[in-house]
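Encoded as structure tokens, the structure appears first; notes follow it.
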Amino acid sequence: AAVAADPSMRGTTADGGHVPYRDSKLTRLLQNSLGGNSFTVLLATVHPRGEDVEESLSSLQFAHRCRSVINRPKVNVTLRDDEDKDRRIRQLEGANAMLRRQLAVARVTTRL
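In our numbering, the protein residues as written are 11 to 122.
As structure tokens, this is what we get:
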């Protein structure tokens, strides 16, 4: 399974490139955990038996690549009533207005 997942892990690190999650059933299944809005724990299992050396090595390499995955989990907020929604809309409108002012200042400053 780790061998099949290998191509997908190349894009999940800091380079920010496209991640081909659909290339593997495993990475498709783990898509939200491998680069989404969650904390992730990976447990790689290996066996010392000679016949399992290649699969064990692949599992260890996959686990090593997983160490460099960058997730930025955030709490998902569900607004329960209209008052909460209205408050959130006002907050977002205020933040949007502030960003528009900053953008206008930046445009004026860069023209000088």
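Every residue gets a Cβ at the ideal spot worked out from N, C-alpha and C, and that includes glycine. Note that the structure is predicted; figures quoted are calculated from it, not measured.
If we call anything under 8 angstroms between Cβ atoms a contact, is L44 one with V79? Contact annotation: L44 and V79 have beta-carbon atoms nearer than 8 angstroms.
Let me know if S69 comes out buried or exposed under the rule of 16 or more other beta-carbons within 10 Å of its beta-carbon. Looking at its Cβ environment, which holds 16 or more other Cβ atoms inside 10 Å, S69 is buried.
Excluding five sequence neighbours on each side, which residues of the same chain lie with their C-beta closer than 7 angstroms to the C-beta of L52? In chain order, A73 and C76 place their CB closer than 7 angstroms to the CB of L52, counting only its own chain and leaving out the 5 sequence neighbours on each side.
Determine, using beta carbons only, whether N81 and F49 come nearer to each other than 8 angstroms. Yes; because the gap between Cβ atoms is below 8 angstroms, this pair is in contact.
Cα-Cα separation between L36 and D94, rounded to whole angstroms: Distance between the alpha carbons of L36 and D94: 39 angstroms.
My output table needs one value for F49: the three-state DSSP class, helix, strand or coil. The answer is coil: DSSP assigns F49 none of H, G, I, E or B.
Starting from T55, trace the alpha helix (DSSP H) both ways and give me its first and last residue. Where T55 is concerned, there is no enclosing alpha helix (DSSP H), given that its DSSP letter is neither H nor E.
Near A114, which residues of its chain fall below 8 angstroms by C-beta distance, leaving aside the five closest residues on each side in sequence? Nothing listed; no residue qualifies.
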